[in-house]
Amino acid sequence: MHSTTVFRALTSSLCKLQVRCISETAKLRVYNSIAFVGCAAFLTILSFIPASRAYVAIACLGLAAGCLGFTTGGFFKAAPLISKHFSPFVTGNISLGITITMLVVPALVWGLAPENDISGWQRVFLTTAGVLFLTNIAFCKLFEFIKFHS
2 MHSTTVFRAL TSSLCKLQVR CISETAKLRV YNSIAFVGCA AFLTILSFIP ASRAYVAIAC
62 LGLAAGCLGF TTGGFFKAAP LISKHFSPFV TGNISLGITI TMLVVPALVW GLAPENDISG
122 WQRVFLTTAG VLFLTNIAFC KLFEFIKFHS
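Heads up: the sequence shown at position 12 corresponds to 13 in this note's numbering, and the numbers run straight through without jumps.
As structure tokens, this is what we get:
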């Protein structure tokens, strides 16, 4: 899964540099949407795959993680563009947010899948997909009014 994410991050970064026909704001929204909605879609599909299809489930989980590689062209690129010379501070806070998320996720999993069964993990994947979808909507709405002069 990790190599898939790295590969997608590299290819998305290279493609982003070559796309010149849309604005910088639109590129941020497109890349973030590919990352979050793509991951949400694969997690939703994953939640309905039966346990007997383990290889399909692993492939779907890998594709979900791979879609997150497009975040390099989305919100990870947006933070320095907006914050300008405060970029190290903003990027540090993003890292702090990721760290706090890694501490909260086990509690979320424990609350949604206490029995560690398929229906519990279905709730975990669907909740994660819902959060990804809603945060993408919030990101796109936020960047609806921001214009970059590049």
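Quick reminder that beta carbons are idealized off the backbone N, C-alpha and C, glycines included.
Which one of the options has the shortest CA to CA distance from residue i?
i	options	result
V91	K78, T102, M103	K78
T128	K142, V106, I147	V106
A130	E25, G39, R30, K28	G39
T45	E25, Q123, P89	Q123
Sorted by chain position, which residues of the same chain lie with C-beta nearer than 7 Å to residue i's C-beta, five sequence neighbours on each side aside?
i	result
L47	A58, C61, L62, A65, F126
G121	L113, A114, P115
How far does the alpha helix (DSSP H) with residue i in it extend, from its first residue to its last?
i	result
I83	76-84
F126	119-143
E25	25-48
A65	55-68
P107	88-113
In chain order, what residues of the same chain lie with their CB nearer than 6 Å to the CB of residue i, ignoring the 5 residues before and after it?
i	result
F134	A41
F43	C61, L64, A65
Taking residue i and residue j to be in contact with their CB atoms under 8 Å, please state how far apart those CB atoms are, rounded to whole angstroms.
i	j	result
F140	N33	5 Å
G93	A36	In fact, because the Cβ distance is near 21 Å, the residues do not count as touching under 8 Å.
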